[in-house]
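Visitor: Have a look at this one.
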Amino acid sequence: MDDLYGTRIRAYFDRNAAQVDYLTLPGSEENKTIERVLEVARRLNDIGTNRLSTPPIVIGGGVVADVVGLAASLYRRGIPFVRVPTTLLAQVDVSVAAKTGVNYDGYRNRLGTYSPPPRTLIDRSFLATVSARQLRNGMGEIFKMALIKDLRLFELLEEHGKALIEARFQDSTLGAGGVSGAVADEVIARAIVGMAEELETNLWEKKLQRPVDYGHSFSPLIEMRALPELLHGEAVTMDCVFSALIAANRGMISGADLDRIITVARKMGLAPSHPLFCDVDLVMEGLTDTVRHRDGRQNLPMLTAIGEVCFLNDVTELEIEQACKGMASLLNSRDSRLSPYSEDGR
Numbered sequence: 002m003d004d005l006y007g008t009r010i011r012a013y014f015d016r017n018a019a020q021v022d023y024l025t026l027p028g029s030e031e032n033k034t035i036e037r038v039l040e041v042a043r044r045l046n047d048i049g050t051n052r053l054s055t056p057p058i059v060i061g062g063g064v065v066a067d068v069v070g071l072a073a074s075l076y077r078r079g080i081p082f083v084r085v086p087t088t089l090l091a092q093v094d095v096s097v098a099a100k101t102g103v104n105y106d107g108y109r110n111r112l113g114t115y116s117p118p119p120r121t122l123i124d125r126s127f128l129a130t131v132s133a134r135q136l137r138n139g140m141g142e143i144f145k146m147a148l149i150k151d152l153r154l155f156e157l158l159e160e161h162g163k164a165l166i167e168a169r170f171q172d173s174t175l176g177a178g179g180v181s182g183a184v185a186d187e188v189i190a191r192a193i194v195g196m197a198e199e200l201e202t203n204l205w206e207k208k209l210q211r212p213v214d215y216g217h218s219f220s221p222l223i224e225m226r227a228l229p230e231l232l233h234g235e236a237v238t239m240d241c242v243f244s245a246l247i248a249a250n251r252g253m254i255s256g257a258d259l260d261r262i263i264t265v266a267r268k269m270g271l272a273p274s275h276p277l278f279c280d281v282d283l284v285m286e287g288l289t290d291t292v293r294h295r296d297g298r299q300n301l302p303m304l305t306a307i308g309e310v311c312f313l314n315d316v317t318e319l320e321i322e323q324a325c326k327g328m329a330s331l332l333n334s335r336d337s338r339l340s341p342y343s344e345d346g347r
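The sequence shown maps to residues 2 to 347 in our numbering.
Listed below in structure tokens is the structure:
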């Protein structure tokens, strides 16, 4: 990030005669730790950060936003901060969330706070320098939002998802495979607005039946065990497919809808399966931890159609085994995925 935009960012603040102290942080998931939070807090202390008038501005992806957000929420019991998300995942997911957090003791976001920033600035021109794999990573969260509440968004991904990634969400000349900036704007806007609509009535998560938890029921532990192989949005996509398998096996969605879901994921270059999603014991361990997080209930968002969900609290180990078998079948299919871990996916 600093290599790409550091000079321009510093020039911007210089032109505006702003006195700024800079700190560059690594943005990989392995660096989403309490040690990084303390590093930020130490810098805030060293430069003499004011209570309200000198908020930290975090320019970067979701990991950096979470680290700086947690530090800001703890420093002087909470100071304001500004988010400028530069990855697709950060723009459509982290930008809306009130939560901050870091990984701890092998679990994702185990330490964190609720601390929404007073301002978030989104500019999709940043996406021009984001890798194809990281764009697909962000698409995983957009895919989730489409599945839980927005058939129109799903149809946009179905028709334009691959082209949006190829164009890096930038305006392009329409033609063979071309996609307009209006489509990019609509996809990002629908994902953000949809997330905001879901969160605004339950910002502090007092209600634990949350549609936006779709794709986050089985994947958090698997994502941590797979590090650094899986990115967050990749794991979320697989969780979406895993949950869709449970729904299809129960007859809650049709086989045609299940095939459509898997096809759209593949078209966007998102793998529908991974060997760890075939491990019944590990998936059950992940579900057990999710139940603790949801205060003793499964509260599993489950599709009843593309764009609609209900909640289940009676999913059995047998159903998990059946879904794991389905994931194994997808993994072994000749055309199951364009691997996001290959050179083509970087």
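We put the beta carbon where it would ideally sit given N, CA and C, even for glycine.
#1: Counting only runs of 4+ residues fully inside the segment 10 to 63, write out the alpha helix (DSSP H) ranges in chain order.
#2: Can you name the start and end residues of the alpha helix (DSSP H) that proline 119 belongs to?
#3: Alpha carbon to alpha carbon, how far is leucine 26 from serine 334? Give it in angstroms, no decimals.
#4: On the premise that glutamate 36 lies in contact with leucine 228, defined as a C-beta separation below 8 Å, what is that separation, rounded to the nearest angstrom?
#5: Ignoring anything shorter than 4 residues, give me the alpha helix (DSSP H) runs that lie fully in the segment 243 to 270, in order along the chain.
#6: So leucine 277 packs on isoleucine 223, CB below 8 Å; how close in whole Å?
#7: By the 10 Å Cβ neighbour count, where 16 or more other Cβ atoms means buried, how is phenylalanine 243 classified, buried or exposed?
#8: If you scan the segment 60 to 119 from start to end, which runs of the beta strand (DSSP E) of 3 or more residues do you find wholly inside it?
#9: Is DSSP giving glutamate 320 helix, strand or coil here?
#10: Apply the 10 Å Cβ neighbour rule to leucine 319 and answer buried if 16 or more other Cβ atoms are within range, or exposed otherwise.
#11: Could you pull out every unbroken alpha helix (DSSP H) segment of at least 4 residues lying fully inside the segment 185 to 239, listed in chain order?
#12: Spatial neighbours of threonine 130 within its chain, please: CB distance less than 6 Å, with the 5 preceding and 5 following residues excluded, ordered by chain position.
#13: Going by Cα to Cα distance, which pick from Arg111, Arg134 and Ile254 is closest to arginine 169?
#14: Can you tell me whether threonine 50 is buried or exposed, with buried defined as 16 or more other CB within 10 angstroms of its CB?
#15: CA-CA distance, threonine 238 and glycine 216?
#16: Please state whether the Cβ-Cβ distance between asparagine 104 and threonine 34 is less than 8 Å.
#17: Identify which residue in Leu128, Val310, Val59 and Ile80 has its Cα closest to the Cα of threonine 114.
#18: For the alpha helix (DSSP H) that methionine 140 lies in, which residues bound it at each end?
#19: With H, G and I counted as helix, E and B as strand and the rest as coil, what does DSSP make of proline 276?
#20: Could you tell me whether the Cβ atoms of leucine 304 and leucine 148 are closer together than 8 Å?
#21: Assign alanine 329 to one of three DSSP states: helix, strand, or coil.
#22: I need the straight-line Cα distance from arginine 153 to glutamine 20, nearest angstrom please.
#23: Alpha carbon to alpha carbon, how far is alanine 183 from aspartate 106? Give it in angstroms, no decimals.
#24: Please classify alanine 306: does DSSP put it in a helix, a strand, or coil?
#25: Compute the distance between the beta-carbons of proline 212 and proline 117, then report whether it is under 8 Å.
#26: Short check: CB of leucine 90 to CB of glycine 234, under 8 Å?
Guide: On the basis of the coordinates in this document:
#1: The segment 10 to 63 contains these whole alpha helix (DSSP H) runs: 35 to 47.
#2: The residue given as residue 119 occupies position 118 in the sequence shown. Where proline 119 is concerned, there is no enclosing alpha helix (DSSP H), given that its DSSP letter is neither H nor E.
#3: Here the question's residue 334 lines up with position 333 in the sequence shown. Here the question's residue 26 lines up with position 25 in the sequence shown. Straight-line Cα distance between these residues: approximately 40 Å.
#4: Taking the first residue of the sequence shown as position 1, residue 228 is located at position 227. Taking the first residue of the sequence shown as position 1, residue 36 is located at position 35. About 16 Å; that fails the 8 Å criterion.
#5: Runs of the alpha helix (DSSP H) inside the segment 243 to 270: 256 to 268.
#6: In the sequence shown, the residue the question calls residue 277 occupies position 276. In the sequence shown, the residue the question calls residue 223 occupies position 222. At roughly 5 Å, the Cβ-Cβ gap stays under 8 Å, so leucine 277 and isoleucine 223 are in contact.
#7: Here residue 243 refers to the residue found at position 242 when the sequence shown is read from its first residue. Buried, because 16 or more other Cβ atoms sit within 10 Å of the Cβ of phenylalanine 243.
#8: The segment 60 to 119 contains these whole beta strand (DSSP E) runs: 83 to 86, 100 to 105 and 108 to 115.
#9: Position 319 of the sequence shown, counted from the start, is the residue given in the question as residue 320. When DSSP states are grouped into helix, strand and coil, glutamate 320 belongs to the helix group.
#10: For the purposes of this step, residue 319 is identified with residue 318 of the sequence shown, where counting begins at 1. Burial call: exposed.
#11: The segment 185 to 239 contains these whole alpha helix (DSSP H) runs: 220 to 227.
#12: If you number the sequence shown from 1, residue 130 lands on position 129. Within the same chain, Leu5 come within 6 Å of threonine 130 by CB-CB distance, once the 5 residues on both sides are set aside.
#13: Here the question's residue 169 lines up with position 168 in the sequence shown. The residue with the shortest Cα to Cα distance from arginine 169 is Arg134.
#14: Within the sequence shown, residue 50 is the residue found at index 49, counting from 1. Threonine 50 should be labelled buried.
#15: Within the sequence shown, residue 238 is the residue found at index 237, counting from 1. Within the sequence shown, residue 216 is the residue found at index 215, counting from 1. The straight-line gap from Cα to Cα measures roughly 6 Å.
#16: Residue mapping note: residue 104 aligns to position 103 of the sequence shown, counting from 1. Residue mapping note: residue 34 aligns to position 33 of the sequence shown, counting from 1. Result yes, Cβ atoms of asparagine 104 and threonine 34 sit closer than 8 Å.
#17: Along the sequence shown, read from residue 1 onward, the residue named residue 114 stands at position 113. The candidate whose alpha carbon is nearest that of threonine 114 is Ile80.
#18: Mapped onto the sequence shown, residue 140 falls at position 139. Methionine 140: member of the alpha helix (DSSP H) spanning 133 to 150, first to last residue.
#19: On the sequence shown, residue 276 is found 275 positions in, with the first residue counted as 1. DSSP places proline 276 in helix when its eight states are reduced to three.
#20: Start at 1 with the first residue of the sequence shown, and residue 304 comes out as number 303. Start at 1 with the first residue of the sequence shown, and residue 148 comes out as number 147. Yes; because the gap between Cβ atoms is below 8 Å, this pair is in contact.
#21: Taking the sequence shown and counting its residues from 1, one reaches residue 329 at position 328. Alanine 329 falls in the helix class under three-state DSSP.
#22: As a first step, residue 153 is located in the sequence shown; it is residue number 152 there, counting from the start. As a first step, residue 20 is located in the sequence shown; it is residue number 19 there, counting from the start. Distance from the CA atom of arginine 153 to the CA atom of glutamine 20, rounded to whole angstroms, is 45 Å.
#23: By 1-based counting over the sequence shown, the position of residue 106 is 105. By 1-based counting over the sequence shown, the position of residue 183 is 182. Computed Cα separation, rounded: 43 Å.
#24: The residue labelled residue 306 in the question sits at position 305 within the sequence shown. Collapsing the DSSP output to three states places alanine 306 in a strand.
#25: Counted from its first residue, the sequence shown places residue 212 at position 211. Counted from its first residue, the sequence shown places residue 117 at position 116. Cβ atoms of proline 212 and proline 117: not closer than 8 Å.
#26: Here residue 90 corresponds to residue number 89 of the sequence shown, with the count starting at 1. Here residue 234 corresponds to residue number 233 of the sequence shown, with the count starting at 1. Yes, Cβ-Cβ distance for leucine 90 and glycine 234 is below 8 Å.
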